[in-house]
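One structure is given here, and the rest of the page talks about it.
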Amino acid sequence: MTSLAFRTLDHQVVTGSADDIAVSDARGTMSYAQLLHESACIGAGLHHMGIEPGTFLTLDGLVGRDLVVSVLAMARIGALPSDAADFRLAGSPPVLHAPDTEVVWDLLDRAGRTEPATAPERDPDGYDEVMLAAYGEIFTTLAAGGSLTFAP
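Here you go:
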């Protein structure tokens, strides 16, 4: 079976839904193509900061597109959700709090643009169950071609 990241987002883009609205929040809308691009760049930026497959990452207080992009970036690089991890994304705009540094969202995005993270071909055993348990609504809505709407 293909990876959760591919089934959720890449599949929508390659099968013709690239311009459909994936996320709507107080800042506006994001298409599936825009969401794919941003999550791939943030994923690569997180990877550059040392987040590898299996690394635990806390998402603290993120909402709207920041939450969705962060969750999909995690899935692209194989990070795992945790309430207490050495790496934490928090704030608006999000800031990565790492053991020895803090990195703002825009810098993560720019760092990831050189080589955006691709969706893995397959996930490790049990990975999709962990991510679905933590962020099921995001994955199931997007995989079905729906749109996530966050109230302002």
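Going letter by letter, the sequence shown gives residues 31 to 182 in my numbering.
Note that beta-carbon positions come from the ideal geometry of N, C-alpha and C, so glycine has one too.
The region 116-133 and the region 41-55 do not touch, with fewer than 3 CB-CB distances between them shorter than 8 Å. Shortest Cα-Cα distance from residue 133 to any of 75, 71, 99 involves 75. Within the same chain, 83 come within 6 Å of residue 108 by CB-CB distance, once the 5 residues on both sides are set aside. For the pair residue 105 and residue 161, the CB atoms are nearer than the 8 Å cut-off. Approximately 4 Å separates the beta-carbon atoms of residue 111 and residue 164; this is inside 8 Å, confirming the contact. Taking the Cβ atoms as the reference, residue 89 lies roughly 7 Å from residue 97, within the contact range of under 8 Å.
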